[in-house]
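Structure, as structure tokens:
Protein chains: 4
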Amino acid sequence: MSLAAEVTETFEQLRETVAALHGELTRYELVIWTAGNISARVPGQDLMVIKPSGVAYDDLSAATMVVTDLHGNLVQGELAPSSDTAAHAYVYRHMPEVGGVVHTHSTYATAWAARGEPIPCVLTMIADEFGGEIPVGPFALIGDDSIGRGIVETLKWSRSPAVLMRNHGPFTIGRTARDAVKAAVMVEDVARTVHKSYQLGTPEPLSEQDVDRLYARYQNVYGQQGEK
Amino acid sequence: MSLAAEVTETFEQLRETVAALHGELTRYELVIWTAGNISARVPGQDLMVIKPSGVAYDDLSAATMVVTDLHGNLVQGELAPSSDTAAHAYVYRHMPEVGGVVHTHSTYATAWAARGEPIPCVLTMIADEFGGEIPVGPFALIGDDSIGRGIVETLKWSRSPAVLMRNHGPFTIGRTARDAVKAAVMVEDVARTVHKSYQLGTPEPLSEQDVDRLYARYQNVYGQQGEK
Amino acid sequence: MSLAAEVTETFEQLRETVAALHGELTRYELVIWTAGNISARVPGQDLMVIKPSGVAYDDLSAATMVVTDLHGNLVQGELAPSSDTAAHAYVYRHMPEVGGVVHTHSTYATAWAARGEPIPCVLTMIADEFGGEIPVGPFALIGDDSIGRGIVETLKWSRSPAVLMRNHGPFTIGRTARDAVKAAVMVEDVARTVHKSYQLGTPEPLSEQDVDRLYARYQNVYGQQGEK
Amino acid sequence: MSLAAEVTETFEQLRETVAALHGELTRYELVIWTAGNISARVPGQDLMVIKPSGVAYDDLSAATMVVTDLHGNLVQGELAPSSDTAAHAYVYRHMPEVGGVVHTHSTYATAWAARGEPIPCVLTMIADEFGGEIPVGPFALIGDDSIGRGIVETLKWSRSPAVLMRNHGPFTIGRTARDAVKAAVMVEDVARTVHKSYQLGTPEPLSEQDVDRLYARYQNVYGQQGEK
Chain A
1 MSLAAEVTET FEQLRETVAA LHGELTRYEL VIWTAGNISA RVPGQDLMVI KPSGVAYDDL
61 SAATMVVTDL HGNLVQGELA PSSDTAAHAY VYRHMPEVGG VVHTHSTYAT AWAARGEPIP
121 CVLTMIADEF GGEIPVGPFA LIGDDSIGRG IVETLKWSRS PAVLMRNHGP FTIGRTARDA
181 VKAAVMVEDV ARTVHKSYQL GTPEPLSEQD VDRLYARYQN VYGQQGEK
Chain B
1 MSLAAEVTET FEQLRETVAA LHGELTRYEL VIWTAGNISA RVPGQDLMVI KPSGVAYDDL
61 SAATMVVTDL HGNLVQGELA PSSDTAAHAY VYRHMPEVGG VVHTHSTYAT AWAARGEPIP
121 CVLTMIADEF GGEIPVGPFA LIGDDSIGRG IVETLKWSRS PAVLMRNHGP FTIGRTARDA
181 VKAAVMVEDV ARTVHKSYQL GTPEPLSEQD VDRLYARYQN VYGQQGEK
Chain C
1 MSLAAEVTET FEQLRETVAA LHGELTRYEL VIWTAGNISA RVPGQDLMVI KPSGVAYDDL
61 SAATMVVTDL HGNLVQGELA PSSDTAAHAY VYRHMPEVGG VVHTHSTYAT AWAARGEPIP
121 CVLTMIADEF GGEIPVGPFA LIGDDSIGRG IVETLKWSRS PAVLMRNHGP FTIGRTARDA
181 VKAAVMVEDV ARTVHKSYQL GTPEPLSEQD VDRLYARYQN VYGQQGEK
Chain D
1 MSLAAEVTET FEQLRETVAA LHGELTRYEL VIWTAGNISA RVPGQDLMVI KPSGVAYDDL
61 SAATMVVTDL HGNLVQGELA PSSDTAAHAY VYRHMPEVGG VVHTHSTYAT AWAARGEPIP
121 CVLTMIADEF GGEIPVGPFA LIGDDSIGRG IVETLKWSRS PAVLMRNHGP FTIGRTARDA
181 VKAAVMVEDV ARTVHKSYQL GTPEPLSEQD VDRLYARYQN VYGQQGEK
């Protein structure tokens, strides 16, 4: 408990940020009821801030966010952590560059996941943000490290910050929780657009060379200097 | 009338709850105009609180909710009860464990209902909440017990809290009205996702064993202890 | 001008009503930008209240509504009446029981209209409100009585309050403007649901007998006594 | 810097207008996150007001808008201009009648763009606003004048104010920024409606003569006199 007391002040800002970011999931209609969750690594510590389990989006606030270690054990907070905590924790343990993880069941991304089909890179926007097709991860049951391992094994060798977990839904990662939320918003947007495009024909994929150019430019030039 | 006077205080909270839950139907765009309705059993009494007929969602409040007995006779309230009251009442009479009933014409669930096709269990989220495919109920005309009987006969032997009434739309049940609303929100969400998935191919159903494991875990572990 | 002065007070309430009803068109996303329009017959007079042309929905108010006679000539108001005024006026001249007319380009209803296909009666909700399939009207150019005549000739012998004007969009009528708006909301809703249902198979139409029973009941029993 | 000081007052109104118009892009759900951008030519000067790069829609205001010359060089403002500035600038340099440019990745318009298919003129609304089918522009990489040139070469000889840039998304132009935003809203609306219509069959295109009549009327008669 003394650990929890010490970190309270340090964590306050991060709890605020993670709570507020959940508002982007509802704004873009990526989640319903209490489904979906966002976490952020606590910089420099083996801890993370994550959504509590089964709490309505209207009731989320900095105060209701919980802190766990990177094995999912509760460190701070009065509510049980998200039932997907083990998957988030596994990602943080195995991908040190990741500072944020997001999980949703957003409609179109989950529809691709249910078929086990990657989203092909047929839009400049996909090349920009995902650097190629958006990959599918294995089918994995909740309850142990299977989901986390599936995410890491799929994303470790990909430029994509999003993986479509088979018959389940998308997980996204980012340098920060905000970046991971952006990827969650964008994976649903491109999943929807590409779905619509295939309904009436076959869009042509971009060439690998064009994908590389677009990805390099977007990652290095887009946005304001010094932020992303 | 003396009965109505007696129960006023006891019912006030339940009327408030049922009125507020209708806001979830509009939030998730499950209903238009005055269509759709929610009821709650009055615990320990052969009574239920239900939406009045043909009243706009903006005009619903605790005060406009009506109370009927479990044969649909008006006990309290100044407005006529929902035209679906007989179906709700039949469910409460024949399924004593049910505390809430919801009916909508939500787009995707109704589209499956119009074809008379169950929604296959191709997503972990369906296994979690519905414990298998979401079943279709018979075509039944409004006006007698046909709809209620169709709901009960379909759901009595199923783990699913939702039934797709043929050429009509979904009815959902729950331990509480809130649980039934959650099922109404989720049946539309998975009806939409599975629809989208089938549009471009054929998603693979989960194995029976995986469905059982997921269902058992979700019903027992998910959410905060002591609530659901 | 003295006529305009006389009717000001009488019309104030109707202008308020028609202005407010336009909010239902945006709420249900039936219109974009300045497209779409609602009118109401002035009871007992050969006049109607209608939306001005090309005015944004945020800028509509009782004060901006205009009054015309039943040939579309401006009687009261400072703005030009809707470019669809001639069609509304024709309907009022030829269907004395009609008190309200609505026109939108709502997505799904217009998609059926572009193919020139009626919406089949495969849902109890369609039987309830439309009394059978929702018919298609002829292709007609704006600028004379063609559109109005197409509406009247299609609806005069139908129970449906909605007609899908070919390559154009839906027009709906009602005893009041509110009823016509309800029909506009419902035609889009069922156009969408039936569209979705056909995408993955073929829903079975209701029998004529069932349609008749449902229609009779809904028109006579539904809602609160004394209103509709 | 003295130039920037001089123009501040003159530009204030235009910055306000351009900032506010971005609210229409979110209202009609044409954009997500920071994607999409609007610019306006500064009347009588070789300058334009444009959205800054990578800034969230909630954070846009008159003060955050930037001013560049018609080669994209920053003249006023503290943030880097939109990454699409070169395309906007090229359009203003080569189409003197254009006062506003809009770019989005709106879902349905982009789905047609990904297939490289023009949107056929099967609705009176398309004839009204676009004067015929909505054309496809070439695939072009960001970084030089390719996108701008593709827009101009496609639209210079067309009545359509919208072009679907291949594998990328729609660009629209107008006499004013507001007109270009209207075209962006309408291109998505008709892209969606025509998409839905083709999903269940084949809508019949309007005749060339009817398209011409509708276009002429809408451009000259619709709306209030003296504005558009």
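Chains as they are written, first to last, in full-length UniProt numbering: chain A, 1 to 228; chain B, 1 to 228; chain C, 1 to 228; chain D, 1 to 228. Glycine included, each C-beta is placed from N, C-alpha and C at the ideal position.
Suppose you measure from the CA of residue i to the CA of residue j; what does that come to, to the nearest Å?
i, j, result
"S82 (chain A)", "E12 (chain B)", "34 Å"
"L47 (chain B)", "A40 (chain B)", "9 Å"
"V221 (chain D)", "L74 (chain C)", "16 Å"
"L123 (chain D)", "F171 (chain C)", "15 Å"
"V66 (chain B)", "G223 (chain B)", "32 Å"
"S106 (chain B)", "G169 (chain B)", "7 Å"
"G99 (chain A)", "R166 (chain D)", "35 Å"
"Y198 (chain B)", "Y108 (chain D)", "19 Å"
"D210 (chain C)", "L141 (chain B)", "8 Å"
"K182 (chain D)", "Y215 (chain D)", "16 Å"
"R115 (chain A)", "E204 (chain B)", "7 Å"
"V194 (chain A)", "V18 (chain C)", "40 Å"
"V190 (chain C)", "V136 (chain C)", "15 Å"
"T154 (chain A)", "A20 (chain A)", "29 Å"
"G72 (chain D)", "L14 (chain D)", "17 Å"
"V42 (chain A)", "H103 (chain C)", "55 Å"
"R213 (chain A)", "V101 (chain D)", "25 Å"
"residue 230 (chain D)", "A86 (chain D)", "What the structure shows of chain D is the stretch from 1 to 228, and residue 230 (chain D) is not part of that stretch, so it cannot be assessed."
"D84 (chain A)", "E16 (chain A)", "20 Å"
Tell me, which residues are paired with residue i by DSSP?
i, result
"T68 (chain D)", "D:M48 and D:L74"
"T172 (chain D)", "D:V102 and D:A162"
"P81 (chain B)", "B:P52"
"A40 (chain C)", "C:V49 and C:G100"
"V136 (chain A)", "A:L164"
"I119 (chain A)", "A:I134"
With a threshold of 8 Å between beta-carbons, can residue i be considered close to chain B, or not?
i, result
"W157 (chain A)", "no"
"T26 (chain C)", "no"
"Y198 (chain A)", "yes"
"G36 (chain C)", "no"
"V31 (chain C)", "no"
"L123 (chain C)", "yes"
"V102 (chain C)", "no"
Assign residue i to one of two classes, buried (16 or more other C-beta atoms within 10 Å of its C-beta) or exposed (fewer than that).
i, result
"R178 (chain D)", "buried"
"H22 (chain D)", "buried"
"D58 (chain B)", "exposed"
"Q76 (chain D)", "buried"
"T34 (chain C)", "buried"
"E24 (chain A)", "buried"
"S207 (chain B)", "exposed"
"E97 (chain B)", "exposed"
"M1 (chain A)", "Residue placement at M1 (chain A) is poorly supported in this model, since its pLDDT is 42, which falls under 50; the coordinates still yield a value, given next. Exposed, because fewer than 16 other Cβ atoms sit within 10 Å of the Cβ of M1 (chain A)."
For residue i and residue j, which I take to be in contact (beta-carbon distance under 8 Å), what is that distance rounded to the nearest angstrom?
i, j, result
"Y218 (chain A)", "D144 (chain A)", "Not really, about 36 Å apart at Cβ, beyond 8 Å."
"Y92 (chain C)", "L70 (chain C)", "5 Å"
"H88 (chain D)", "I126 (chain D)", "About 25 Å separates the two Cβ atoms, so there is no contact after all."
"R27 (chain D)", "Y90 (chain D)", "28 Å between Cβ atoms; not a contact."
"L30 (chain A)", "V163 (chain A)", "15 Å between Cβ atoms; not a contact."
"residue 265 (chain B)", "G201 (chain C)", "Given a span of 1 to 228 for chain B in the structure shown, any question on residue 265 (chain B) remains unanswerable."
Closest Cβ-Cβ distance between residue i and chain C: below 8 Å?
i, result
"S61 (chain B)", "no"
"R115 (chain B)", "yes"
"N167 (chain B)", "yes"
"Q224 (chain D)", "yes"
"G132 (chain D)", "no"
"A19 (chain B)", "no"
"A183 (chain B)", "no"
Would you please verify whether the beta carbon of residue i is less than 8 Å from any beta carbon of chain A?
i, result
"A80 (chain D)", "yes"
"I151 (chain D)", "no"
Can you check whether the C-beta of residue i is within less than 8 Å of a C-beta belonging to chain D?
i, result
"D212 (chain A)", "no"
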